[in-house]
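> Please read through the structure below; I'll follow up with questions.
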Amino acid sequence: MSSKKMNGASVLLKTLQDFGIEIMTGYIGGAIMPTFDELINFPGIRFITSRHEQGAGFIAQGYTRACGKLMPVMVTSGPGATNLVTAVADAMMDSVAFLAITGQVSTKVIGTDAFQESDIIGLMYPITKYAEMLLKADDVAEAVARSVFIAQNGRTGPVCIDIPKNVQIEETENIDAPKALDLPGVQTYPPIDPDLPEIKQAIDLIKEAKKPVALVGHGVILSQAKIELREFLEKTNIPASFTLHGLSSLPASHPLNLGMMGMHGEIEANRAIENADLLIALGMRFDDRVTGKLEEYAKNSKVIHIEIDPSEINKNVKADVAINGDLRNVLQVLIAKFDGLTKEATDSRQAWFDSINQNRELSRKYYKHIFEYGYGKNNRLLMSRIIHELSEFTKGQDNIVTDVGQHQMQAAKFYKFERFNTWFTSGGLGTMGFGLPAAIGVKIARPNEEVWCITGDGSFQMNIQELGTILQEKLNINILLLNNGYLGMVKQWQDMFHNENFTEVELTNPNFAKIAEGYGIAYRFVEKVEDIIPALQWSKQETRSTIVEFACDEQEIVYPMIPSGWTFDRMILNEDHALEILNKRK
Amino acid sequence: MSKLHTILVFAQNKRGVLERITILIRRKMYNLETITASDTEVEGIKRITITFTQGDADKIPQIVAQINKIVEVISVKAVDSANTVEREILLVKIKRPRNLSEITSLVNIFRGSVVDLSEQTVILQVAGERKKILGFITALKQFEILEIGSSGIVAMER
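These protein sequences, in sequence, are chains A and B.
Its first residue numbered 42, the first sequence is counted upward by one per residue in the working numbering.
Its first residue numbered 771, the second sequence is counted upward by one per residue in the working numbering.
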């Protein structure tokens, strides 16, 4: 123990710095002021002030997902902390390492309904891996070390430290975190034993599979298994489909890439899953948007589930072989152990790829009007066409951040990701408002790369105040505003399943050109297909942030679709099929 | 009586552990039957016994896996009742009958005891497994029961 004394606030910042933290975000306020006071003594920590605590939460998520490092979010008590809750819940659902530091009223008045007091630990428990209130400055160093460790180990996720104002001010001699932490419930993953019986069982299933599909999830990105995934798929000759968060883990141009699976997945991906005899789930959790009707899912196939979180195994889909471990390591072992397919499996693989290619043809046929025409029924632009143009223009190399809704699904489908971990979206929680602040985080993490924020008129306005952060930080982000004047995805559901009762989905929107002007952002409006590429070119060349607003067709529907709770064999392929299957043909 | 699921948890004695466990149980749509927490032979380690009656047995491994993720939890398992001793203590307050021997003989059958006697009321105590506790309550039906309280189940594997 050092005899030097520091206050709790300084110990907090020092410990973060000791753990390599270079940047934080958040918003100042009463109960956290002592810690903000000390920031001046830590010039190695850059601080980004957002315009709303939720914005800060998504800035941190974008940053962490882009560079793998933590960006703690520091906010005040009460409303500061409650504003952060949505971003924390989002990080929990999408397994993003996240550290929330919330100021709290002094310990003397906790529980008295003091000004800006709220029970943040109580609010955070269900949506964090771990949350604790610090009662003494003596505990700060160890608690920060503990939180940083928990957020970044095992299945990554959010952690909250709630620090009362007096604890920030109180002095302590405990200024260094202990080397060893006592955390019985945190799993770490030593290299897996290659002689584990499950490894052999998995290899046997793979060798004999005639119609296998890999289901690739976020775990591949989180474990940085870029090379291993590709090698595994190529060596075993297994086609791969992707969850929303698995996208960008294998180049879209790779012949084994079937695209996204699930509710709005590609026909070739979903049909392959429907007809497979073996599903190999790699770091994914069989979300309901992926499985459709659970009772019928994977009924005729064996399932190998490789997953870091043991509580995900057998949660939704029963695994025939389950391997609990870090995906990258497990794939390395499987690659090493795999010694070729059986003759029978090799012989049947051609027929499997033939059926997949037939479905690829079908997809291309249904998307023809998008690629060849590009306008919807009201002669306005199709979102899918805009994304397609962006994909061509950037050759699939740039960072894509989206909000939530139709534009998100079309981005997932029509942007052809060629580069690993270049796709950032809110999947599990599906938070509108994620896009703009997350794009800020990605840009900060990757300052020399292009960042495209694809958003809709609904989502954009949910965290539009973060344009102020862009202004203050002088960031160069390309915002593509796909404006159809509606909450398109909700409208799509109303159209298909709610008797076309378009209640509360039409938005009266502001003049976005003037909003752009107010924030010092360059602006362009596009309503013709031939103007898309020039606008993208212009946006890329601009040295400040840009908004390109597109006049989008409110009649666009995202196809194909497996409606919630439906089986894969009832996938709605296109509009014609929708009229038939939904009994809407007039 | 529907089947009782029992989960036994050992955890560090820290603030919030019990809350995190009960949040999980609520999220999985279970309703607690009993929950007990007490000291163990190791200082700083608590034993928590949780039981539920309703619900889908398939979800039990899920709850166990989820509880295992709580940072302070050292171990957790769903115990098999065939290999486990499960006991609780029941206190029953009844209106004092005219003839006390009626009640003392009943209490003796259940190997319980009279722990309090006043002019108006008698408090009885019985310890045992759930079946015995429920049996004792049924046997008391002829008396006027004023209050029932029990400790909840404590489980220990053989």
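Glycine included, each C-beta is placed from N, C-alpha and C at the ideal position.
Between the alpha carbons of V261(A) and D610(A), how many angstroms are there, rounded?
Going by the C-alpha atoms only, they are around 28 Å apart.
> Please go through the region 230-301 of chain A and give each complete beta strand (DSSP E) segment of 3 or more residues, from N-terminal end onward.
If we require 3 residues or more, the beta strand (DSSP E) runs fully inside the region 230-301 of chain A come out as 253-257, 281-283 and 298-301.
> Under 9 Å between beta-carbons, which chain A residues line up against P867(B)? List them in chain order, please.
Near P867(B) there are no residues of chain A at all, since even the closest Cβ is about 47 Å away, more than 9 Å.
> Within its chain, find whatever has a CB closer than 6 Å to the CB of P205(A); leave out the 5 residues flanking it on each side and keep chain order.
Excluding residues within five positions, the ones whose Cβ falls inside 6 Å are Q145, S147 and T148.
> What residues in its chain sit with their C-beta under 8 Å from that of P831(B), if we drop five residues either side in the sequence?
Contacts found: A848.
> If contacts are defined as beta-carbon pairs under 8 Å, then L54(A) and I81(A) qualify, I think. What distance do you get, rounded to the angstrom?
Contact doesn't hold; Cβ gap of about 10 Å is too wide.
> Start and end of the alpha helix (DSSP H) containing C108(A)?
Per DSSP, C108(A) belongs to the alpha helix (DSSP H) from E94 to C108.
> Counting only beta-carbon atoms, is L175(A) nearer than 8 Å to chain B?
By this cut-off, L175(A) is not an interface position.
> Any idea if D380(A) is buried or exposed, counting beta-carbon neighbours within 10 angstroms, 16 or more meaning buried?
It counts as exposed.
> Going along chain A in order, which residues have a C-beta closer than 8 Å to the C-beta of G786(B)?
Per Cβ cutoff of 8 Å: I162, Y166, A172 and E173.
> Using a Cβ-Cβ cut-off of 8 Å (strictly less than) and excluding sequence neighbours within five positions of M771(B), which residues of its own chain qualify?
Residue placement at M771(B) is poorly supported in this model, since its pLDDT is 49, which falls under 50; the coordinates still yield a value, given next. Here the set comprises T823, R900, K901 and L904.
> Is it the case that the Cβ atoms of Q157(A) and P120(A) are separated by a distance below 8 Å?
Taking 8 Å as the Cβ cut-off, Q157(A) and P120(A) qualify as a contacting pair.
> Can you tell me whether I354(A) is buried or exposed? The criterion is at least 16 other CB atoms within 10 Å of its CB, across all chains shown.
So I354(A) ends up on the buried side.
> Quick one: using the 10 Å Cβ neighbour count with 16 as the cut-off for buried, is G468(A) buried or exposed?
That one is buried.
> Would you please verify whether the beta carbon of E899(B) is less than 8 Å from any beta carbon of chain A?
No - not a single Cβ of chain A is within 8 Å of the one on E899(B).
> Just to confirm my understanding: we take T854(B), look at its own chain, exclude 5 residues before and 5 after, and list those with CB closer than 6 Å. What are they?
Here the set comprises A925 and E927.
> Put H539(A) into one of helix, strand or coil per three-state DSSP.
The answer is coil: DSSP assigns H539(A) none of H, G, I, E or B.
> Just how far apart, CA to CA, sit E914(B) and T891(B)?
About 10 Å.
> Is M42(A) helix, strand or coil when you go by DSSP?
Confidence at M42(A) is low in this model, with a pLDDT of 48, below 50, so its placement is unreliable and no value can be given for it.
> Just how far apart, CA to CA, sit M42(A) and D245(A)?
With a pLDDT of 48 at M42(A), under the threshold of 50, the modelled position of that residue is not reliable, and the figure given next carries that caveat. Cα to Cα, the separation comes out at about 55 Å.
> Do H259(A) and G198(A) count as a contact pair if the criterion is CB distance below 8 Å?
Result no, Cβ atoms of G198(A) and H259(A) do not sit closer than 8 Å.
> Which residue marks the beginning of the alpha helix (DSSP H) containing L508(A), and which one marks its end?
Start and end: L508 to E514.
> Establish whether the CB of I859(B) and some CB of chain A are separated by less than 8 Å.
So no, I859(B) is outside the interface.
> In or out: S580(A) buried (at least 16 other Cβ within 10 Å) or exposed?
Counting Cβ neighbours within 10 Å, S580(A) comes out buried, since at least 16 surround it.
> Taking F139(A) as part of the alpha helix (DSSP H), name the residues at either end of that continuous run.
Premise fails: F139(A) lies in the beta strand (DSSP E), F139 to Q145, not in any alpha helix (DSSP H).
> Assign I613(A) to one of two classes, buried (16 or more other C-beta atoms within 10 Å of its C-beta) or exposed (fewer than that).
When all chains shown are included, I613(A) counts as buried.
> May I have the straight-line CA-CA distance separating E272(A) from L299(A), to the nearest angstrom?
E272(A) and L299(A): Cα-Cα distance of roughly 16 Å.
> If you run the structure through DSSP and keep just helix, strand and coil, what is V892(B)?
V892(B) falls in the strand class under three-state DSSP.
> For D444(A), which option in N504(A), G509(A) and T463(A) has the closest C-alpha, if you only look at C-alpha atoms?
Measuring from the Cα of D444(A), the nearest candidate turns out to be N504(A).
> By the criterion of Cβ-Cβ separation under 8 Å, what are the contact partners of E789(B) in chain A?
Within 8 Å Cβ-Cβ: G163 and Y166.
> Starting from P205(A), trace the beta strand (DSSP E) both ways and give me its first and last residue.
Looking at the DSSP string, the run of the beta strand (DSSP E) that includes P205(A) is P199 to P205.
> What is the C-beta distance between S586(A) and L516(A), in whole angstroms, given that I count them as a contact (C-beta under 8 Å)?
Contact flag correct, Cβ pair sits at about 6 Å.
> Can the beta-carbon of T169(A) be found less than 8 Å from the beta-carbon of V189(A)?
Not a contact, by the Cβ cut-off of 8 Å.
> By the DSSP assignment, the beta strand (DSSP E) with E590(A) in it spans what residues?
Here the beta strand (DSSP E) through E590(A) covers T587 to A592.
> If you follow the beta strand (DSSP E) that D809(B) is part of, which residue opens it and which one closes it?
Unbroken beta strand (DSSP E) run through D809(B): T804 to D809.
> Would you list the residues sitting across from R565(A) in a DSSP beta bridge?
DSSP output for R565(A) lists V589(A) as bridge partner(s).
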